[in-house]
Structures are given as structure tokens and as C-alpha cells.
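*Asks:*
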Amino acid sequence: MKKVWLLFLSLLLALPGCERRPAPDEEAVVLVHGLGRSRASMAVLAQRLEWAGYGVVTVGYRSLRTAFPEQVATVRSVVERCCAESPRIHFVGHSLGGLVIRGYLAESPPEQLGRAVLLAPPSQGSLFVDWLEEIPAATEVLGPVGSELGTDSTDIPATLPPPDYEVGIIAGNRSIQPIGHLAIPGPDDGVVSVEQTRIEGVPVIVLPRSHAFIMSSRYTAQAVIRFLRTGEFGSITEWPW
3 MKKVWLLFLS LLLALPGCER RPAPDEEAVV LVHGLGRSRA SMAVLAQRLE WAGYGVVTVG
63 YRSLRTAFPE QVATVRSVVE RCCAESPRIH FVGHSLGGLV IRGYLAESPP EQLGRAVLLA
123 PPSQGSLFVD WLEEIPAATE VLGPVGSELG TDSTDIPATL PPPDYEVGII AGNRSIQPIG
183 HLAIPGPDDG VVSVEQTRIE GVPVIVLPRS HAFIMSSRYT AQAVIRFLRT GEFGSITEWP
243 W
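Here the working numbering runs 2 ahead of the position in the sequence shown, where the first position is 1.
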């Protein structure tokens, strides 16, 4: 009997949970991390959003081991269980997390959908991933979804429909790793070029931050909060670089 309870507990803990549920009068912000990262990578941004008065739910999912539809299903499950009473639900995703959010919102957006902000998303795929796919060992490291983030017409970015909701993009133009920077033409964050983050008709703001740490920047948090509140980033001249 003890073994049965231990098995039940382990299965329960394996489910994507709610570290906190937004109060019924709080607007919720659902955070989705990027490839090979965890909830912890979004912790700084989560804290700043909570200080701004939002109820934050951070989604954890197995970005390196599960297929894209399973990742989308994880976000759906968390939203349904954690945000059902929220008057408005916003979404913020880093890198692959932004694509997972787009996949979810294309299939079954919540009725109380607010706005979305995508941080360094490979909206048009990543030339760095194209380059890595030429290296067999690197393909194994990327996992089943990471290897589908390239620029081919069959890769995940090219299969997502254009968003029909309010969304903004924050791109980075600083690189802390030279290999990706050399493989990508034009301004880039080391993994995705500024141009590859773009979606036609979607506003973009470019920050001097790297792909790996753009979500932890206080300027990123300020831009996210401004967009969630107003639907605009404001003029680039307003930002104190």
C-alpha cells in the first residue's frame, strides 16, 4: 500500500503545477521558458511582474525531451488549472517558449485572453540552428523540438499561423558566445538575428541584451509591463541606454 501511495505522489508531483494561483481580481501573466531552460530562468522577470501587480504563473515543461504538441498541451493544462478565475490572461515566452505560446493560442485561446510578449523568438527560424544541424552531435543535444527550430519550410516556426491577438516582440542585439554570432548575419543575440524575430505587422523593440539573459533584464521587464498595460512599447528614444 505504501508503494502505491509513493507512486501516486510521484505522478502528482510530475504534473505541471501552480506554485501560486492568481487571485480572482488579479490579471494573470503566464511565463514560458525557452529550450533547455527551466522555471528558474524566468524567476527575475516573474518577481518584477508580481511587483507590478500581476498574478504570475510560470510553466515548467520538458523542452528537450517532448514533442511540440505535448509542450503546447502542458501550457493549456496549466492555464486551465491555474488561471480559470483570472479576469485577463497575458502570456510572455522566451525563445522556444514564445513559439509554444503561439501554438497554444492558435489552437485554443482562453476567453479572457489579454496580450502576449515574445522574448527573442525564432519567429522565422534560427540560422544558428541550421548551422548546428550540420553537426550530428549537436542535433542530439537540441532534442526533437530544438532541431525543428531552423528556417526550413517544414520547421516549427514556418508552420505557425500569424497571430490574431495583440502581441509584441522584444529582440536582443548582443552576443556572449562568438560561434552563433559568426553564423548569423546582421544584428543578433547569439542565437537569433533581430530580423528572424520579426512577424509581419507585430511591433518590435530591440534591447542590448543576449539571448540567454534577455528575460532577466530590468529593461525587458519594463518593456513587457508597458506592453501588457498599453499594447505599445513606446518610442525607443524613451529608453535610457
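Ideal Cβ placement from N, Cα and C applies to all residues, glycine included.
Computed from a prediction, not measured in an experiment: that's the story for all the values here.
By Cβ distance below 7 Å, which residues in the same chain neighbour Gly170 in space, the five residues on each side in sequence not counted?
*Replies:* Val119, Val204, Pro205, Phe229, Phe235
*Asks:* Less than 8 Å separating the beta-carbons of Ser294 and Pro163?
*Replies:* With the chain covering 3 to 243 only, the question about residue 294 has no answer from this structure.
*Asks:* Quick one: Cα of Leu13 to Cα of Arg23, how far?
*Replies:* Only weak support is given to the placement of Leu13: the predicted model assigns it a pLDDT of 34, under 50, and the value that follows is read from those uncertain coordinates. If I take the Cα positions, the gap works out to 21 Å.
*Asks:* Using the Cβ count rule (16 or more neighbours within 10 Å means buried), how would you classify Asp166?
*Replies:* By the neighbour-count criterion, in which a residue is buried when 16 or more other Cβ atoms sit within 10 angstroms of its Cβ, Asp166 is exposed.
*Asks:* Assuming Phe235 is part of the alpha helix (DSSP H), what are its boundary residues?
*Replies:* No alpha helix (DSSP H) holds Phe235; DSSP gives it neither H nor E.
*Asks:* Counting contacts by CB-CB distance shorter than 8 Å, is Pro165 in contact with chain B?
*Replies:* Considering every chain present, this structure includes no chain B. It has just one protein chain.
*Asks:* Taking Ala213 as the reference, give the member of Glu136, Ser128, Asp157 with the closest Cα.
*Replies:* The residue asked about is misnamed: residue 213 is His in this sequence, not Ala. The shortest Cα separation from His213 among Glu136, Ser128, Asp157 belongs to Ser128.
*Asks:* Where does Ile227 fall in DSSP's three states?
*Replies:* helix
*Asks:* Taking the continuous beta strand (DSSP E) assigned at Val59, which residues delimit it?
*Replies:* 57 to 61
*Asks:* Decide if Ala69 is buried, meaning its Cβ has at least 16 other Cβ atoms within 10 Å, or exposed.
*Replies:* By the Cβ neighbour-count rule, Ala69 is exposed, with fewer than 16 other Cβ atoms within 10 Å of its own.
*Asks:* Where in the segment 66 to 110 do unbroken runs of the beta strand (DSSP E), each at least 3 residues long, occur, reported from the N-terminal end onward?
*Replies:* 91 to 96
*Asks:* Alpha carbon to alpha carbon, what distance is there between Ala225 and Ile91?
*Replies:* 18 Å
*Asks:* Go ahead and pull the three-state DSSP assignment for Leu184.
*Replies:* helix
*Asks:* For Ser195, which beta-bridge partners are listed by DSSP?
*Replies:* Asp190
*Asks:* From the DSSP output, read off the bridge partner residues of Ile172.
*Replies:* Leu121, Ile207
*Asks:* Using a threshold of 8 Å, state whether the C-beta atoms of Gly95 and Ser65 are closer than that.
*Replies:* At a Cβ-Cβ threshold of 8 Å, Gly95 and Ser65 do not count as neighbours.
*Asks:* Pick helix, strand or coil for Glu135, following the three-state DSSP scheme.
*Replies:* coil
*Asks:* If we count the other Cβ atoms within 10 Å of its Cβ and call it buried at 16 or more, is Leu184 buried or exposed?
*Replies:* exposed
*Asks:* Taking 8 Å as the cut-off, decide whether the C-beta atoms of Leu252 and Thr199 are in contact.
*Replies:* Because the chain is modelled from 3 through 243, residue 252 falls outside the range shown and cannot be assessed.
*Asks:* Taking the continuous alpha helix (DSSP H) assigned at Ala48, which residues delimit it?
*Replies:* 45 to 53
*Asks:* For the alpha helix (DSSP H) that Ala160 lies in, which residues bound it at each end?
*Replies:* 158 to 161
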